[in-house]
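Everything below concerns the one structure shown next.
Right, here's the structure in full:
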């Protein structure tokens, strides 16, 4: 009992009384009941409720911005003039010049009316520009902006206008862009969902541009291209005006006009006017929920066929701006889960669509109707048309090549690539499609002369003939993903997207790479697409970074 009392005595603490200073601080921080009651008595509850009702009933249609402006005006009303303005020490200020600028600006057009974008204030408008002063004699570059030799100080707003005027003099608006060619974009974040009730897709027509006299500048006479050294110049990127978001999965030059078409998984088709200087954007077409892998011009130059990760193909008429979609695959939908890879015949009649399990469907380019389907052994690796669309070469991953006759609608030949393991791509080129190049997963390219495919060897009974290649190219070490002959068949491009800067330009028929190009600093990146112009004057290389590099050959444009 005594121990318990001792513990209670120990826990009892004699707290000292608070002095006046401590009580005052406590009241200042925490307040007290007396002060709360006094404030409550002073509150005029009736007036407060009346003011509250007036605020709720005043101008019910006023926007939030207008209400904020009224609140700001009330807050500013109680401030001194010295508190209303500030001066940035890094900017030269002058009251006189500010008043003069305000007077001058009042006679000019309102920037909001000129630079208003999609209903909102342009992002490059800065109110501080009106208070800036820039000297035009501090730098040699700025002296070019003076209107007379004695001019020195201008306002920031005037400085911006003169910069814009000078830019427009250097890069004038091209004639084709004077007509409205607007972007048509319908954003949809859900890429995995499909709908058969899509809204109609359209784009601005380019009829006037296609009727213009602008054509490729080329020499009709074929000149012999020497081996060893190539005369080539790099130009501004073909798509510098609007780079792709992601890789440029495919690109192709227009058959007759200086236009370049690009596509990718950003679901957007872009057309650029290739002038070698600015390469401005002509128009775009965004197809929602359709990541695009292949987009090709029809030989008529009016239609664009686009396909990708969906089962349907889109046909864009660039002359009228209309877009149609078709999915008629003749009951072979189970073998065509997507439309990523297809080829259009040079005659413009057929479209060969690559499917799974060795199937290839032949469609009509006129109406998109299914014509027939063919099947080869194994998995299809690539396709290539020859004889102006009368024949189709089908390559499988085992290196077998089937030749299909479009008139007889049957296979007329089959042969095997020598040592073909993991074949990936095939290309035909030269006069009468003389040359046939086949790339493999090991980076080796075999080139065959189709005019002298004789003396084939049969490795075993029932197997196709195997021919000796005219040349074997071993400059690359990763899978060949791009293989294309120049229009005259004197050059062969081979590239691999598996390795950065894996690109080689081969001279034909010597089948030697050019010594002076590409160099170790040529900026290819990971090559995803490629194309020559119809006359061979230009070539463009699309890469994984969304850029379309552009080069010009002096041999063909001289």
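Residue numbers (UniProt numbering): 1 to 558. All C-beta atoms in this analysis are idealised placements derived from N, C-alpha and C, irrespective of residue type, glycine included.
* Asked: My guess is that residue 310 and residue 338 are in contact by the Cβ rule of under 8 Å, so how many angstroms apart are they, rounded?
  -> Yes, they are in contact, since the Cβ atoms of residue 310 and residue 338 sit about 6 Å apart, within 8 Å.
* **Burial state of residue 134, where buried means 16 or more other Cβ atoms lie within 10 Å** => buried
* residue 539 to residue 498 span [Cα, whole Å] -> Cα to Cα, the separation comes out at about 21 Å.
* To do: Tell me whether the beta-carbon of residue 368 lies closer than 8 Å to the beta-carbon of residue 317.
  => no
* Between the Cα of residue 532 and those of 162, 251, 391, 307, spot the shortest distance and give me the residue it belongs to. => 251
* **Contacts around residue 510, its chain only, beta-carbon distance under 6 Å, and the 5 residues preceding and following it disregarded** => 227
* Pull up the distance between the alpha-carbon of residue 481 and that of residue 545, whole angstroms please. => Taking the straight line joining both Cα atoms gives about 17 Å.
* **Inter-residue Cα distance where the pair is residue 399 and residue 211** => Answer to the nearest angstrom: the Cα atoms are 44 Å apart.
* What are the start and end residues of each continuous beta strand (DSSP E) run of 3 or more residues lying completely inside the stretch 272-298, in chain order? -> Within the stretch 272-298, the beta strand (DSSP E) runs of at least 3 residues that lie entirely inside it are, in chain order, 281-286, 292-297.
* Asked: So which of 424, 392, 506, 140 has the shortest CA-CA distance to residue 409?
  -> 392
* To do: Report the option in 543, 554, 151, 490 whose CA atom is closest to the CA atom of residue 225.
  => 490
* Asked: Hey, would you say residue 244 sits closer than 8 Å to residue 262, going by beta carbons?
  -> Cβ distance < 8 Å, so residue 244 and residue 262 count as in contact.
* To do: Could you have a look at residue 537 and say whether DSSP puts it in helix, strand or coil?
  => In the structure shown, residue 537 sits in coil (DSSP, three-state: anything other than H, G, I, E or B).
* To do: Taking only the alpha-carbon atoms, compute the straight-line gap between residue 357 and residue 441 and give it to the nearest angstrom.
  => Looking at the two C-alpha atoms, the distance is approximately 19 Å.
* To do: Taking only the alpha-carbon atoms, compute the straight-line gap between residue 167 and residue 547 and give it to the nearest angstrom.
  => 24 Å
* Taking the beta strand (DSSP E) that residue 235 falls in, what are its first and last residues? -> 232-235
* To do: Just the C-alpha distance for residue 525 and residue 276, rounded to the nearest angstrom, thanks.
  => Rounded to whole angstroms, the separation of the alpha carbons of residue 276 and residue 525 is 21 Å.
* With 16 other Cβ atoms within 10 Å as the buried cut-off, status of residue 472 -> exposed
* To do: Answer yes if the stretch 340-357 comes into contact with the stretch 319-326, meaning at least three C-beta pairs across the two stretches below 8 Å, and no otherwise.
  => no
* Asked: So, residue 470 versus residue 449, is the Cβ gap smaller than 8 Å?
  -> yes
* Asked: Where do the N-terminal and C-terminal ends of the beta strand (DSSP E) with residue 507 fall, by residue?
  -> Start and end: 503-507.
* So what's residue 551 in DSSP terms, helix, strand or just coil? -> strand
* Asked: First and last residue of the alpha helix (DSSP H) that includes residue 142?
  -> Unbroken alpha helix (DSSP H) run through residue 142: 140-143.
* Asked: Across which residues does DSSP place residue 495 in a beta bridge pair?
  -> 482, 503
* Asked: Can you pull the DSSP bridge partners for residue 344?
  -> 351
* Assign residue 426 to one of three DSSP states: helix, strand, or coil. => strand
* **CA nearest to the CA of residue 390, picked from 419, 260, 344** => 344
* Taking residue 528 as part of the beta strand (DSSP E), name the residues at either end of that continuous run. => First-last of the beta strand (DSSP E) with residue 528: 527-532.
* **Where residue 520 falls: helix, strand or coil (DSSP)** => coil
* In angstroms, rounded to a whole number, what distance separates the CA positions of residue 396 and residue 387? -> 20 Å
* Give the straight-line distance between the Cα atoms of residue 267 and residue 315, rounded to the nearest whole angstrom. => 14 Å
* Through-space distance from residue 140 to residue 536, alpha-carbon basis -> Near 42 Å, if we compare the C-alpha coordinates of residue 140 and residue 536.
* Three-way DSSP call (helix, strand, coil) for residue 488 in this model -> coil
* Asked: Under three-state DSSP, which class holds residue 253?
  -> strand
* CB of residue 492 within 8 Å of CB of residue 554, strictly -> no
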